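Novice:
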Amino acid sequence: MPIPTEIDLSHGHLTFNKPLPTLMPEVYLAMSSKLRKIGPLKIASRGWKRLARYWSLTGNSETLTGAGLGSNFAGDGQMFAVFDDGHSRQLPRLVSGPFKYATYAFENLKKSAPYATRGLKQAVISPSMLYLLYPLEGEIAGYSRSAFMQDLVHECEKDIRGCFEAGAQRVSIDFTEGRLALKNDPSNPWTGAALLDRFIDLINRVLARFSPEERANIGLHTCPGGDCDSVHSADVPYNQLLPSLFKINAGYFLIQLSSETDRESMYRIIGESIRQDAEGVKQIAFIGVVSPINPRIETPEEIADQLVMASQYIPIDQMGATDDCGFSPFSIDVKPKHGSPDLARDVAFQKISNRVQGTKMASERLGV
Numbered sequence: 001m002p003i004p005t006e007i008d009l010s011h012g013h014l015t016f017n018k019p020l021p022t023l024m025p026e027v028y029l030a031m032s033s034k035l036r037k038i039g040p041l042k043i044a045s046r047g048w049k050r051l052a053r054y055w056s057l058t059g060n061s062e063t064l065t066g067a068g069l070g071s072n073f074a075g076d077g078q079m080f081a082v083f084d085d086g087h088s089r090q091l092p093r094l095v096s097g098p099f100k101y102a103t104y105a106f107e108n109l110k111k112s113a114p115y116a117t118r119g120l121k122q123a124v125i126s127p128s129m130l131y132l133l134y135p136l137e138g139e140i141a142g143y144s145r146s147a148f149m150q151d152l153v154h155e156c157e158k159d160i161r162g163c164f165e166a167g168a169q170r171v172s173i174d175f176t177e178g179r180l181a182l183k184n185d186p187s188n189p190w191t192g193a194a195l196l197d198r199f200i201d202l203i204n205r206v207l208a209r210f211s212p213e214e215r216a217n218i219g220l221h222t223c224p225g226g227d228c229d230s231v232h233s234a235d236v237p238y239n240q241l242l243p244s245l246f247k248i249n250a251g252y253f254l255i256q257l258s259s260e261t262d263r264e265s266m267y268r269i270i271g272e273s274i275r276q277d278a279e280g281v282k283q284i285a286f287i288g289v290v291s292p293i294n295p296r297i298e299t300p301e302e303i304a305d306q307l308v309m310a311s312q313y314i315p316i317d318q319m320g321a322t323d324d325c326g327f328s329p330f331s332i333d334v335k336p337k338h339g340s341p342d343l344a345r346d347v348a349f350q351k352i353s354n355r356v357q358g359t360k361m362a363s364e365r366l367g368v
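Going by UniProt numbering, the first residue of the sequence shown is number 1, and it counts up by one from there.
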């Protein structure tokens, strides 16, 4: 959420009173204190607090230090997404090889870990998102698409392994582009290029480098976007994505669902699609029960009711509860529906608290 020093710094204006390395620990400690008050959280999600934009994840643009794009990137890449409120996010364009991260997620995890009082789950960018850095048509001179994909898979594997080595108990791959790949939006050409199967294959190529025991702790997150309280692909019928989603050999799935109008039919599709044996791993579906883009706070009773309904279709030993998405994906998210980022932060902690309570209530009702 927008901390003024982060916004200034992302635009290259170093006008803060304290250096960022001093400010960030203060933020972590404040958040940790609030999480401790919520209740029995075993694992806290370590997201992208230090980052302002998607491509910061790989260091291609050091937006919080004003360093700009890497030497083999140009700023005129294809549009990633056009959101319902009219704002958009653009990707950089790879102009030469080899493709290599400048900053890995585990490097930021190492900075957060000393302040953690619980286990950490680290979010990482997906190979499918990074695939869009390569031009949609044609090939880069001297750097074929196949060579790029090989480098991409290697870097994604390194990112995930590094997170585990840095102490993450779980790692989740963000796959917001999955639903968007089915939109076929004329104003955004890649969404009409039938890329979903290629995306799934890319992710599975990365996961194939991990043992079943490791993949049990590697998950996938899907949502229709959640940037500035707006979405990019909620109009794409979820039933077009969900059956394909479980073809990915991940151990668990974090699935946006609370903002769907027909949740019950989605629970049924998940129950029909989830696998007991995904190349040696029993898949688990964590159902989204609170919406980060809606300031209305769901009650524990509402959350419990949704989980009990979901249990009619999804095996209880393959079901869990989660938030629909991150509460604020980047530091430049101004949370317009909430009134201000500070109000949104208070709402977020109340939603998390209610999710914990509602999940406990559902467990008691289901006898688990």
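C-beta atoms are modelled at their ideal positions from N, C-alpha and C, and glycine is treated no differently. As the structure is a computational prediction, the values presented were derived from the model and not from experiment.
So for GLN122, helix, strand or coil by DSSP?
Specialist: Translated into the one-based positions of the sequence shown, residue 122 becomes position 122. In the structure shown, GLN122 sits in a strand (DSSP, three-state: E or B).
Novice: Between ARG179 and the rest of its own chain, which residues show a CB-CB distance below 6 Å, the 5 nearest in sequence each way excluded?
Specialist: Residue 179 sits at position 179 when you count from the first residue of the sequence shown. Closer than 6 Å at the Cβ level, and outside the excluded window around ARG179, lie PRO224, SER233, VAL236 and LEU241.
Novice: Could you check which residue in GLN256, GLN283 and ASP262 has the C-alpha nearest to that of residue 371?
Specialist: Lying before the first or after the last residue shown, residue 371 is absent from the chain, which here runs from 1 to 368.
Novice: For a cutoff of 7 Å on Cβ pairs, would you count VAL289 as touching chain B?
Specialist: As a matter of chain content, chain B is missing from the structure shown, which is built from one protein chain.
Novice: Under the rule that 16 or more other beta-carbon atoms within 10 Å means buried, what is LYS335, buried or exposed?
Specialist: For the purposes of this step, residue 335 is taken as the residue at position 335 of the sequence shown. LYS335 should be labelled buried.
Novice: Any chance you could list the alpha helix (DSSP H) runs of at least 4 consecutive residues sitting entirely within the segment 86–156, in chain order?
Specialist: Given a length threshold of 4 residues, each whole run of the alpha helix (DSSP H) inside the segment 86–156 is given here in chain order: 105–112 and 127–131.
Novice: Do LEU132 and LEU91 come within 7 Å of each other at the CB atom, strictly closer than that value?
Specialist: By one-based count along the sequence shown, residue 91 stands at place 91. By one-based count along the sequence shown, residue 132 stands at place 132. Yes.
Novice: Rounded to whole angstroms, what is the Cα-Cα separation between HIS338 and PRO300?
Specialist: In the sequence shown, residue 338 corresponds to position 338, counting from 1. In the sequence shown, residue 300 corresponds to position 300, counting from 1. Their backbone Cα atoms lie some 21 Å apart in a straight line.
Novice: Keeping to the same chain, check which residues put their C-beta closer than 8 Å to that of ARG268; ignore five residues upstream and five downstream.
Specialist: The residue given as residue 268 occupies position 268 in the sequence shown. Excluding sequence neighbours, ARG268 sits near TYR313.
Novice: Between which two residues does the beta strand (DSSP E) harbouring ARG209 extend?
Specialist: As a position in the sequence shown, residue 209 is number 209, starting the count at 1. Taken as a continuous stretch (DSSP letters only), ARG209 belongs to no beta strand (DSSP E), as it is neither H nor E.
Novice: How many angstroms separate the CA atom of MET266 from the CA atom of PHE253?
Specialist: Reading the sequence shown from its first residue, position 266 is the one you call residue 266. Reading the sequence shown from its first residue, position 253 is the one you call residue 253. Going from the Cα of MET266 to the Cα of PHE253 covers about 14 Å.
Novice: Using only CA atoms, which one of GLU298, HIS154, ILE274 and ASP262 lies nearest to ARG209?
Specialist: Translated into the one-based positions of the sequence shown, residue 209 becomes position 209. Here the closest residue by C-alpha is HIS154.
Novice: So, with DSSP's three-state summary, where would you put VAL82?
Specialist: Counting from one through the sequence shown, the residue named residue 82 turns up at place 82. Here VAL82 sits in strand by DSSP.
Novice: Express the C-alpha separation of GLY226 and LYS351 in angstroms, rounding to a whole number.
Specialist: The residue labelled residue 351 in the question sits at position 351 within the sequence shown. The residue labelled residue 226 in the question sits at position 226 within the sequence shown. Distance between the alpha carbons of LYS351 and GLY226: 16 Å.
Novice: Given that a residue counts as buried once 16 or more other Cβ atoms are within 10 Å of its Cβ, and exposed if not, what is THR117?
Specialist: Taking the first residue of the sequence shown as 1, we reach residue 117 at position 117. Its Cβ having fewer than 16 others within 10 Å, THR117 is exposed.
Novice: Between the beta-carbon of VAL171 and the beta-carbon of ILE218, is there less than 7 Å?
Specialist: Numbered from 1 along the sequence shown, position 171 holds the residue referred to as residue 171. Numbered from 1 along the sequence shown, position 218 holds the residue referred to as residue 218. Contact flag set, yes.
Novice: Fully enclosed by the segment 189–271, which alpha helix (DSSP H) runs are 4 residues long or longer?
Specialist: 196–207, 212–215 and 242–245
Novice: Does the separation of the CB atoms of GLY99 and ASP151 fall below 7 Å?
Specialist: What you label residue 99 is simply residue 99 of the sequence shown in a count that begins at 1. What you label residue 151 is simply residue 151 of the sequence shown in a count that begins at 1. For the record, residue 99 in the displayed sequence is Phe; it is not Gly. Yes, these two residues count as a Cβ contact at 7 Å.
Novice: Is DSSP giving ILE303 helix, strand or coil here?
Specialist: Residue numbering aside, residue 303 sits at position 303 when the sequence shown is read from its first letter. Here ILE303 sits in helix by DSSP.
Novice: Go through its chain and collect everything with a Cβ distance to PRO228's Cβ below 8 Å, but skip five positions before and after it.
Specialist: What you label residue 228 is simply residue 228 of the sequence shown in a count that begins at 1. In the sequence on display, residue 228 carries Cys and not Pro. So the qualifying residues of the chain are PHE83, ASP85, HIS87, ASP333, VAL334, LYS335 and PRO336.
Novice: Exposed or buried, PRO189, counting other C-beta atoms within 10 Å across all chains shown (16 or more means buried)?
Specialist: What you label residue 189 is simply residue 189 of the sequence shown in a count that begins at 1. Exposed, because fewer than 16 other Cβ atoms sit within 10 Å of the Cβ of PRO189.
Novice: I'd like the list of long-range same chain contacts for ALA344, defined as Cβ closer than 8 Å, with 5 residues on each side in sequence excluded.
Specialist: As a first step, residue 344 must be located in the sequence shown, where it is residue number 344. Contacts found: MET1, PRO295, PHE327, SER328, LYS335 and HIS338.
Novice: Is it buried or exposed for GLY367, if we count other Cβ within 10 angstroms and need 16 for buried?
Specialist: The residue you call residue 367 lines up with position 367 of the sequence shown. When all chains shown are included, GLY367 counts as exposed.
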